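Engineer:
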Amino acid sequence: MSGFLAALFSALDPFCGPVGLFSLFDGDTLLACGAAGWGDEIAFGVKVTISLALATLPVGLAIGFLIALAAQSQDKLLRLAAGIYTTIFRGLPELLTLFIVYYGVQILIQSVLATFGVEERVEINAFFAGMVALAVVFSSYSSEVLLSAFRAIPRGQYEAGDALGLRRGHTMRLVVVPQLIRIALPGLTNLWLILLKDTSYVSVIGLADIVRQTGIAARVSKEAFFFYFVACLLYLVLAMLSSFGLGFVERWAKRSEARR
Amino acid sequence: MSVISELIPPQPAPPELKRRITPARVAAIGVLALWAFLAVLLLLTVVNGWDQAKFLRYGPRYLNGLGVTLSLVGLSIVLGAILSLPIAFARMAQNRLLNALAYGYVYVFRSTPLLAQLFLIYYGLGSFKPQLETVGLWWFFREAWYCGLLSFVLNTAAYQAEILRGAIESVSRGQHEGAAALGLSKRVAFRKIILPQALIVALRPYGNEIVLMIKGSAVVAIVTVYDLMGETRYAFSRTFDYQTYLWAAVFYLAMVEALRHIWAWIERRLTRHLKR
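Order-wise, the sequence lines are chains A and B.
Position one of the first sequence corresponds to residue 1 (the UniProt record's numbering), numbered consecutively onward.
Position one of the second sequence corresponds to residue 1 (the UniProt record's numbering), numbered consecutively onward.
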């Protein structure tokens with residue numbers, strides 16, 4: 001079964017499969033798959049970029065939702081705590097956040113290990129560090145989007161939930177969140193496109209994403225313009241594909257709205 | 001038949017139950033404690049790792065880097081604003097071709113990462129050295145600073161064009177018609193009536209764009225420009241001291257927060273007449 005699945009995936013591989021994009025190029029061109037060209041390496045980079053963005057999205061959204069809840073709570077201290085978070089991570093450059101997370105977590109783990117008497121150089125996974133840094137940045141922006149969506153939902157909705165005898169959690173899940181998604185979706189779409197671009201920063205800490213793979217290809221083959229152009233093109237295609245896909249999601253979310 | 005002879009005297013409302021400890025309060029205290037812990041940790045790192053020699057050595061370099069960042073951002077914002085004008089007008093033009101060209105420019109520059117654009121200009125165009133030398137442009141593409149500036153200008157022009165277009169289109173039709181009814185020429189109407197209203201709408205997005213540019217400008221450090229981030233990376237590579245990044249964070253946060261407050265003040269001042 002797993003062999004069949006693997007065969008299916010390799011047959012449907014959009015880059016190096018039999019119907020893949022890079023298979024259009026001949027065996028000895030720069031973008032060919034296999035040992036001669038850089039097609040398979042770049043395809044790997046695209047997969048890393050997409051999986052990093054997809055892994056960051058749920059984490060960032062979950063944290064952002066919690067921050068938005070905190071920012072609209074009645075409690076002054078909770079609002080303050082959320083405000084500090086968004087101020088810090090919206091003010092720092094993404095690149096700096098990435099370095100702070102990457103080296104900071106390493107130093108933290110090392111010092112914790114040192115207290116237990118273990119002296120060892122620890123290197124954390126670049127994918128993990130990138131995911132944490134991007135999730136933190138994404139959450140601080142998405143909290144702002146979700147907060148304004150929360151404010152767009154009238155109080156009457158909560159009161160109606162109370163009047164129906166729903167518990168707080170139920171009101172949130174059944175009444176508020178479905179409307180929240182619809183209102184926040186355009187803003188979140190924007191943030192997703194920004195996230196997709198921000199994944200390029202992880203190439204700096206050595207993760208093999210699109211920019212890094214094309215960079216290696218550029219350095220080895222001395223065709224820098226061509227390969228960085230391919231990188232830009234790939235990001236463009238990813239952006240187009242995701243705005244196409246998110247258009248469907250937006251239409252799905254709006255299905256309950258009255259047609260005019 | 002009984003008659004009520006005595007009314008119940010009016011009573012004050014029952015006192016509101018004051019729950020001092022709510023889950024929200026607990027969460028707030030927890031998170032604030034975490035922030036305080038991190039702040040103390042930061043302070044301890046700075047105090048314990050304080051090194052006069054390092055400070056004297058890298059302090060001036062940091063200020064230098066701050067100057068590079070500020071000049072790079074300032075120049076690219078101004079030049080980008082100039083370049084964004086024709087793009088924005090082409091985007092609003094009736095001409096199909098102009099419109100498509102401007103839309104393509106904006107779309108391409110907004111949906112590819114700044115890092116890839118910078119690499120394309122610095123390393124990509126840099127590989128055409130003989131051709132550039134014959135044209136006499138090699139001095140420009142040889143310097144990482146100029147390449148950074150060029151990529152920032154191209155990038156921010158795309159964003160600023162969209163801001164400008166959105167703002168101009170947000171001014172209602174009635175304003176155009178009113179100006180026409182008063183017999184004002186298109187040019188005068190645009191300059192005296194449309195633009196002032198549009199710029200007020202555009203003020204906040206412009207502020208956001210400058211903040212994004214300050215943050216985005218950190219990428220030039222990767223192509224060997226010694227801006228604030230570049231100096232930080234230099235200092236870190238020499239000392240392996242984590243503090244270097246924390247100092248950079250302080251500088252960036254100070255810049256962004258200062259800009260945000262200045263911008264809020266400007267906005268309050270310029271929209272006085274709109275307040276009721």
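In this text, a Cβ means the ideal position worked out from N, Cα and C, and glycines have one as well.
Every value quoted in this text rests on a predicted model; they were computed, and no experiment measured them.
What are the boundary residues of the alpha helix (DSSP H) that residue 58 of chain A is part of?
Structural biologist: Locating residue 58 of chain A in the first sequence gives position 58, counting from the first residue. First-last of the alpha helix (DSSP H) with residue 58 of chain A: 39-71.
Engineer: Since I believe residue 77 of chain B is in contact with residue 210 of chain B (beta carbons under 8 Å), could you give me their beta-carbon distance rounded to a whole number of angstroms?
Structural biologist: To locate residue 210 of chain B, count along the second sequence from 1; it is residue 210. To locate residue 77 of chain B, count along the second sequence from 1; it is residue 77. Residue 210 of chain B to residue 77 of chain B, Cβ: 6 Å. Contact.
Engineer: Does residue 141 of chain B come within less than 9 Å of chain A when only Cβ atoms are used?
Structural biologist: As a position in the second sequence, residue 141 of chain B is number 141, starting the count at 1. No, because no Cβ of chain A sits closer than 9 Å to the Cβ of residue 141 of chain B.
Engineer: Could you tell me the distance, in whole angstroms, from the CA atom of residue 244 of chain A to the CA atom of residue 85 of chain A?
Structural biologist: Residue numbering aside, residue 244 of chain A sits at position 244 when the first sequence is read from its first letter. Residue numbering aside, residue 85 of chain A sits at position 85 when the first sequence is read from its first letter. Their Cα atoms are separated by approximately 32 Å.
Engineer: Contact between the stretch 108-120 of chain B and the stretch 148-155 of chain B: three or more CB pairs below 8 Å?
Structural biologist: yes
Engineer: By the three-class DSSP mapping on this structure, what secondary structure does residue 296 of chain B have?
Structural biologist: The shown model of chain B, from 1 to 276, leaves out residue 296 of chain B, and the question about it has no answer.
Engineer: Taking 9 Å as the CB-CB limit, is residue 284 of chain B close to chain A?
Structural biologist: This structure cannot speak to residue 284 of chain B, because chain B is shown only from 1 to 276.
Engineer: Rounded to whole angstroms, what's the CA-CA distance from residue 269 of chain B to residue 107 of chain A? Just pull it up for me.
Structural biologist: The residue you call residue 269 of chain B lines up with position 269 of the second sequence. The residue you call residue 107 of chain A lines up with position 107 of the first sequence. C-alpha separation (whole angstroms): 46 Å.
Engineer: Assess, as a yes-or-no matter, whether the stretch 216-228 of chain B is touched by the stretch 61-72 of chain A under the definition of 3 or more beta carbon pairs within less than 8 Å.
Structural biologist: no
Engineer: Just to confirm before moving on: does the CB-CB distance between residue 242 of chain B and residue 215 of chain B stay below 9 Å?
Structural biologist: The count along the second sequence starts at 1 and reaches residue 242 of chain B at position 242. The count along the second sequence starts at 1 and reaches residue 215 of chain B at position 215. Contact: no.
Engineer: Closer than 9 Å, CB to CB, is residue 65 of chain A near chain B or not?
Structural biologist: Residue 65 of chain A sits at position 65 when you count from the first residue of the first sequence. For residue 65 of chain A, the answer is no, since every Cβ of chain B falls outside 9 Å of its Cβ.
Engineer: Shortest alpha-carbon distance to residue 54 of chain B belongs to which of B:138, B:232, B:274, B:24?
Structural biologist: In the second sequence, the residue the question calls residue 54 of chain B occupies position 54. Closest by alpha carbon: B:232.
Engineer: Using a Cβ cut-off of 7 Å, pull out every chain A residue sitting near residue 245 of chain B, in sequence order please.
Structural biologist: Position 245 of the second sequence, counted from the start, is the residue given in the question as residue 245 of chain B. In chain order: 96, 99, 100, 103.
Engineer: Report yes or no: is there a C-beta of chain A within less than 9 Å of the C-beta of residue 253 of chain B?
Structural biologist: Here residue 253 of chain B is taken as the residue at index 253 of the second sequence, counted from 1. Closer than 9 Å: yes.
Engineer: In the stretch 199-229 of chain A, which residues sit with their C-beta less than 9 Å from some C-beta in chain B, listed in chain order?
Structural biologist: 199, 200, 201, 203, 204, 210, 211, 214, 215, 218, 219, 222, 223, 224, 225, 226, 227, 228, 229
Engineer: Taking the alpha-carbon of residue 25 of chain B as reference, which of A:235, A:75, A:232 has the nearest alpha-carbon?
Structural biologist: Your numbering for residue 25 of chain B matches position 25 in the second sequence. Taking only the C-alpha atoms, the option nearest residue 25 of chain B is A:75.
Engineer: Between the Cα of residue 260 of chain B and the Cα atoms of A:225, A:87, A:211, A:203, which residue gives the shortest distance?
Structural biologist: Taking the second sequence and counting its residues from 1, the one referred to as residue 260 of chain B is at position 260. Looking at the Cα atoms, A:87 is the closest of the given residues.
Engineer: Three or more C-beta pairs under 8 Å: does that hold for the stretch 209-225 of chain A against the stretch 153-162 of chain A?
Structural biologist: Note that the stretch 209-225 of chain A does not touch the stretch 153-162 of chain A; fewer than 3 beta-carbon pairs, one per stretch, sit closer than 8 Å.
Engineer: Contact defined as beta carbons within less than 8 Å: I believe residue 106 of chain B pairs with residue 161 of chain B. What is the distance between those atoms, to the nearest angstrom?
Structural biologist: The residue you call residue 106 of chain B lines up with position 106 of the second sequence. The residue you call residue 161 of chain B lines up with position 161 of the second sequence. Contact flag correct, Cβ pair sits at about 6 Å.
Engineer: Could you confirm whether any beta carbon from chain B is found closer than 9 Å to the beta carbon of residue 47 of chain A?
Structural biologist: Here the question's residue 47 of chain A lines up with position 47 in the first sequence. No, residue 47 of chain A lies away from the interface with chain B (no Cβ there is under 9 Å from its Cβ).
Engineer: So, is the C-beta of residue 55 of chain A closer than 9 Å to a C-beta in chain B?
Structural biologist: Position 55 of the first sequence holds residue 55 of chain A. Chain B contact via Cβ: absent.
Engineer: Exposed or buried, residue 213 of chain A, counting other C-beta atoms within 10 Å across all chains shown (16 or more means buried)?
Structural biologist: Numbered from 1 along the first sequence, position 213 holds the residue referred to as residue 213 of chain A. Answer is buried; the Cβ neighbour count reaches 16.
Engineer: Please compile the residues from chain B whose C-beta is within a distance smaller than 7 Å of the C-beta of residue 254 of chain A.
Structural biologist: Start at 1 with the first residue of the first sequence, and residue 254 of chain A comes out as number 254. Chain B residues near residue 254 of chain A: none, gap ~22 Å exceeds 7 Å.
Engineer: With DSSP collapsed to three states, give me the class of residue 139 of chain B.
Structural biologist: The count along the second sequence starts at 1 and reaches residue 139 of chain B at position 139. Residue state, collapsed to three classes: helix.
Engineer: When you check each C-beta in the stretch 24-40 of chain B against every C-beta of chain A, which residues fall closer than 9 Å?
Structural biologist: 24, 25, 27, 28, 29, 30, 31, 32, 34, 35
Engineer: So, residue 126 of chain B versus residue 229 of chain A, is the Cβ gap smaller than 9 Å?
Structural biologist: By 1-based counting over the second sequence, the position of residue 126 of chain B is 126. By 1-based counting over the first sequence, the position of residue 229 of chain A is 229. Their beta carbons are not under 9 Å apart, which means residue 126 of chain B does not touch residue 229 of chain A by this criterion.
Engineer: At what residues does the alpha helix (DSSP H) containing residue 85 of chain A begin and finish?
Structural biologist: Taking the first sequence and counting its residues from 1, the one referred to as residue 85 of chain A is at position 85. Start and end: 76-91.
Engineer: If you measure from the beta carbon of residue 91 of chain A to each beta carbon in chain B, is any gap under 9 Å?
Structural biologist: The residue you call residue 91 of chain A lines up with position 91 of the first sequence. Yes, its Cβ sits closer than 9 Å to a Cβ of chain B.
Engineer: Where residue 217 of chain A and residue 154 of chain A are concerned, what is the direct C-alpha to C-alpha distance, given to the nearest angstrom?
Structural biologist: Working through the first sequence from its first residue, we reach residue 217 of chain A at position 217. Working through the first sequence from its first residue, we reach residue 154 of chain A at position 154. About 54 Å.
Engineer: Measuring CB to CB, does residue 208 of chain A end up less than 9 Å from residue 45 of chain A?
Structural biologist: To locate residue 208 of chain A, count along the first sequence from 1; it is residue 208. To locate residue 45 of chain A, count along the first sequence from 1; it is residue 45. Here residue 208 of chain A is near residue 45 of chain A, since their CB atoms are less than 9 Å apart.
Engineer: Along the stretch 113-136 of chain B, where does the CB come closer than 8 Å to a CB of chain A? Name the residues.
Structural biologist: 113, 114, 115, 116, 117, 119, 120, 123, 124, 125, 126, 127, 128
Engineer: Counting only beta-carbon atoms, is residue 22 of chain B nearer than 9 Å to chain A?
Structural biologist: Here the question's residue 22 of chain B lines up with position 22 in the second sequence. Closer than 9 Å to some Cβ of chain A, the Cβ of residue 22 of chain B qualifies, so yes.
Engineer: Kindly indicate which residue of B:206, B:169, B:36, B:29 has the alpha-carbon position closest to the one of residue 190 of chain B.
Structural biologist: The count along the second sequence starts at 1 and reaches residue 190 of chain B at position 190. Taking residue 190 of chain B as reference, the option from B:206, B:169, B:36, B:29 with the minimal CA-CA separation is B:169.
Engineer: Quick one, are the C-beta atoms of residue 129 of chain A and residue 63 of chain A less than 9 Å apart?
Structural biologist: As a position in the first sequence, residue 129 of chain A is number 129, starting the count at 1. As a position in the first sequence, residue 63 of chain A is number 63, starting the count at 1. Contact annotation: residue 129 of chain A and residue 63 of chain A have beta-carbon atoms that are not nearer than 9 Å.
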